[in-house]
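Chains as they are written, first to last, in this note's numbering: chain Z, 57 to 322; chain Y, 57 to 322; chain X, 57 to 322.
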């Protein structure tokens with residue numbers, strides 16, 4: 057028997073909006089430690105990892121580990137029927153082929169039960185090793201989203217280059233080139249407005265903007281985003297979810313490296 | 057000669073928005089008692105009845121009963137040209153084949169005259185007898201609109217079941233099922249937030265969500281909606297229009313009754 | 057070398073939004089007096105003239121007169137990447153085939169460089185003689201925009217008729233006719249809400265609404281619009297740009313004069 061009661065139900069709505077365009081079907085794994093998901097995007101290029109820790113739920117009962125295959129689009133359709141202030145409870149009986157989402161309005165005058173069929177989904181859980189990154193940038197998530205969106209109007213890829221002074225986002229396309237430099241800045245009124253750079257060595261990596269834009273659908277979940285870069289590793293774009301956990305997106309850099317015109321093409 | 061001056065002209069704009077998707081062409085009937093309309097939707101399934109009583113107009117002159125055939129889409133185009141605070145006057149000369157909508161801005165600095173051609177429309181006026189209903193539910197109109205919209209993302213029909221405790225809206229579709237229960241609640245801060253159930257006997261009736269969603273276009277006209285149900289009668293979904301009258305939508309229940317899976321299919 | 061620093065960078069964004077649908081490619085002319093543009097629309101019916109005087113820039117360096125051919129759609133794509141409070145600097149080296157738009161955020165924490173390729177565009181600069189107009193109407197720009205939009209839902213052309221008392225906008229179409237009269241009114245709380253008519257003799261001219269609607273894209277640039285009419289001249293629709301200059305649109309009247317049904321067709 058599974059029963060997870062989340063007072064801030066709108067978090068779960070935002071989680072689904074963040075991942076449903078990237079992943080069609082996925083297994084949600086439920087254990088005593090939390091409610092989690094790991095899935096490749098449909099073109100097997102990006103990886104998304106979600107964790108909602110059990111402590112973040114008002115009530116968390118998970119008698120045995122269970123993996124529930126869900127169509128994220130259908131799940132999103134159901135969660136959209138919840139009110140923004142509703143309490144959401146996820147319920148499943150042992151061995152059942154359905155999951156129930158219960159929405160309670162704050163006044164308890166409206167109670168909704170949405171029952172969704174589960175799916176069998178083959179998936180292998182990848183172990184993601186802890187890694188050392190050359191550079192870690194923390195910046196306002198809305199700023200990062202605007203940069204990815206703006207650069208998409210010019211080119212298809214973004215070169216992210218980090219130095220101690222700042223992080224540069226560059227692209228080029230048919231109509232011209234664009235360079236956006238965001239400086240390290242920790243003297244801000246609100247901590248979430250800071251741009252903080254931790255750097256061991258400079259990095260410059262190229263990524264497909266299409267995926268970056270997709271990751272920024274998680275912006276409503278957090279005021280800040282953390283981008284961890286290393287030349288041999290996929291970038292990690294992480295959005296913290298309140299006190300409960302995170303969504304992390306992983307994306308391998310493009311081989312054509314930084315497309316810098318000053319370097320000879322091989 | 058006809059001259060009807062409506063100070064709160066935006067009401068007429070909202071009326072047109074409420075019915076123009078359901079009905080293409082209709083006769084507006086004008087008599088000494090008021091300005092009214094009765095029309096079937098284009099697929100002859102739903103009926104809409106509108107009444108704006110003469111007392112609600114600042115000035116109401118209607119020398120003789122007159123029926124004016126209008127294309128509601130064209131009428132809506134013209135009314136949309138009025139400002140939200142404009143006074144609207146409907147004018148027609150005896151025997152004229154046009155009607156004029158005059159819009160006066162609150163400062164009287166802008167006066168618009170829109171003249172629309174009338175049409176000949178065959179229509180029979182149905183007598184709608186006063187009826188006793190098994191159950192009458194009054195609830196916030198925005199809540200009802202959200203429920204119809206939410207259920208439409210899951211299924212095509214809604215089963216409305218009323219008991220003394222509350223009203224249940226249910227649907228089922230390919231991806232699962234949904235049940236939304238709204239409890240009777242009269243202890244609210246504002247009377248328009250109450251859900252009030254008057255019940256003589258329990259009812260459970262099935263309706264096409266497509267029409268219900270269409271009816272909810274009248275939501276801007278009133279904070280509350282009244283749903284009157286009886287097993288042998290069309291449901292009446294009524295939106296009161298300020299002190300002036302109402303829009304009522306009538307829709308016959310579906311024969312397949314409540315699609316309850318516990319009942320054997322015939 | 058060219059370097060024009062505009063503190064209120066959003067003005068330049070609004071200028072592009074105002075003209076990019078009307079004109080595809082155009083030469084921006086830069087001289088010691090200012091930054092200007094003159095171009096016909098793509099169907100060679102309307103003319104747009106833009107002037108941003110050098111005094112309006114915080115810093116204005118233009119070593120020699122230069123004409124830079126730009127695709128306005130691409131330029132608009134780049135300017136949309138600036139923040140609304142950004143300072144925009146336009147830069148070009150002598151003989152370069154590119155122009156650079158630099159965006160500085162108010163806090164200087166984000167600096168963007170967008171470099172766009174220039175184009176060779178043939179254009180002849182028309183001399184526009186100073187003229188006497190029969191009537192000049194100054195009115196709120198939002199009001200004029202709403203009138204053009206509203207009339208477009210009824211007909212394709214607008215007849216603008218000016219008398220001492222007011223200005224009348226009329227149209228007719230398949231569904232009927234519309235007349236909107238705006239009265240002269242100078243006793244308003246805010247000067248930008250006034251409608252002021254200077255008239256030497258009455259005029260009544262017909263214009264294509266399609267172009268008028270296009271001109272009203274400049275509405276965000278100014279609270280007021282000035283419409284200058286003369287029976288032998290193109291109408292001038294002018295939006296002032298803060299203290300800096302203006303956008304002026306010129307459009308020839310339609311020959312079919314005022315389409316007034318009371319006059320015999322020639």
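Note that the Cβ used here is the ideal one computed from N, Cα and C, for glycine as well.
A quick note: this is a predicted structure, and the numbers were derived from the prediction, not measured.
Cut-off 7 angstroms between Cβ atoms - residues of its own chain near residue i, not counting five sequence neighbours on either side
i	result
residue 175 (chain X)	81, 125, 126, 127
residue 197 (chain Y)	275, 278, 279, 280, 281, 295
residue 249 (chain Y)	196
residue 241 (chain Y)	250, 251
residue 187 (chain X)	286, 289
residue 181 (chain Y)	94
Beta carbon proximity, residue i to chain X, threshold 9 angstroms
i	result
residue 205 (chain Y)	no
residue 209 (chain Z)	yes
residue 294 (chain Z)	no
residue 154 (chain Y)	yes
residue 167 (chain Y)	yes
residue 314 (chain Z)	Bear in mind that a pLDDT of 45 at residue 314 (chain Z), under 50, signals an unreliable position, so the number given afterwards is only what the model happens to contain. No, residue 314 (chain Z) does not count as interfacial toward chain X.
Min CB distance residue i to chain Y below 9 angstroms
i	result
residue 73 (chain Z)	no
residue 146 (chain Z)	no
residue 137 (chain Z)	yes
residue 236 (chain X)	yes
residue 231 (chain X)	yes
residue 241 (chain X)	yes
Short Cβ contact (9 angstroms threshold) for residue i with residue j
i	j	result
residue 310 (chain Z)	residue 213 (chain Z)	yes
residue 108 (chain X)	residue 75 (chain X)	no
residue 254 (chain Z)	residue 192 (chain Z)	yes
residue 172 (chain X)	residue 130 (chain X)	yes
residue 38 (chain Y)	residue 260 (chain Y)	Only positions 57 to 322 of chain Y appear in the structure, and residue 38 (chain Y) is not among them; the question remains open.
residue 165 (chain Y)	residue 251 (chain X)	yes
residue 236 (chain Y)	residue 133 (chain Z)	no
residue 168 (chain Z)	residue 95 (chain Z)	no
residue 118 (chain Z)	residue 88 (chain Z)	yes
residue 58 (chain Z)	residue 86 (chain Z)	yes
residue 209 (chain Z)	residue 136 (chain X)	yes
residue 113 (chain Y)	residue 61 (chain Y)	yes
residue 73 (chain Z)	residue 273 (chain Z)	yes
Option nearest residue i by Cα separation, candidates the options
i	options	result
residue 116 (chain Z)	Z:168, Z:103, Z:147	Z:147
residue 152 (chain Y)	Y:123, Y:180, Y:168	Y:123
residue 298 (chain X)	X:209, X:188, X:111	X:111
residue 162 (chain X)	Z:273, Z:238, Z:215	Z:238
residue 215 (chain Y)	Y:188, Y:262, Y:71	Y:262
residue 189 (chain X)	X:291, X:63, X:307	X:291
residue 264 (chain Y)	Y:154, Y:226, Y:222, Y:240	Y:226
residue 218 (chain X)	X:286, X:120, X:186, X:185	X:286
residue 120 (chain Z)	Z:199, Z:224, Z:90	Z:90
residue 222 (chain Z)	Z:185, Z:100, Z:257, Z:303	Z:257
residue 224 (chain Z)	Z:185, Z:303, Z:200, Z:243	Z:200
residue 234 (chain Z)	X:206, X:101, X:154	X:154
heavy atom of the ligand FAD below 8 angstroms from residue i C-beta
i	result
residue 123 (chain X)	You won't find the ligand FAD in this model; it holds no ligand whatsoever.
Beta-carbon contacts of residue i that lie in its chain and below 6 angstroms, excluding the five residues immediately before and after
i	result
residue 228 (chain Z)	211
residue 177 (chain X)	81, 83, 125
residue 65 (chain Y)	138, 142, 143, 144
residue 301 (chain Z)	107, 108, 109
residue 170 (chain X)	134, 157
residue 220 (chain Z)	255
Cut-off 8 angstroms between Cβ atoms - residues of its own chain near residue i, not counting five sequence neighbours on either side
i	result
residue 97 (chain Z)	78, 79, 103, 104, 267, 270
Interface flag, residue i vs chain Z, CB-CB below 9 angstroms
i	result
residue 130 (chain Y)	no
residue 63 (chain X)	no
residue 303 (chain Y)	no
residue 76 (chain X)	no
residue 170 (chain X)	yes
residue 327 (chain Y)	For chain Y, the structure presents residues 57 to 322; residue 327 (chain Y) sits outside this window and is missing.
residue 318 (chain Y)	For residue 318 (chain Y), the pLDDT reaches just 43, beneath the cut-off of 50, and the residue's location in the model is therefore unreliable, although a value from the coordinates is still provided. For residue 318 (chain Y), the answer is no, since every Cβ of chain Z falls outside 9 angstroms of its Cβ.
residue 280 (chain Y)	no
Ordered list of beta strand (DSSP E) runs contained in the segment 109-187 of chain Y, each at least 3 residues = Complete beta strand (DSSP E) runs here, min 3: 115-118, 122-127, 143-148, 154-160, 166-173.
request  = Kindly provide the ranges of any alpha helix (DSSP H) runs that are 4 or more residues long and lie completely inside the segment 239-312 of chain Z, ordered along the chain.
outcome  = 265-271, all fully within the segment 239-312 of chain Z.
key: Whole alpha helix (DSSP H) elements within the segment 188-219 of chain Z, 4-residue minimum   = 197-208, all fully within the segment 188-219 of chain Z.
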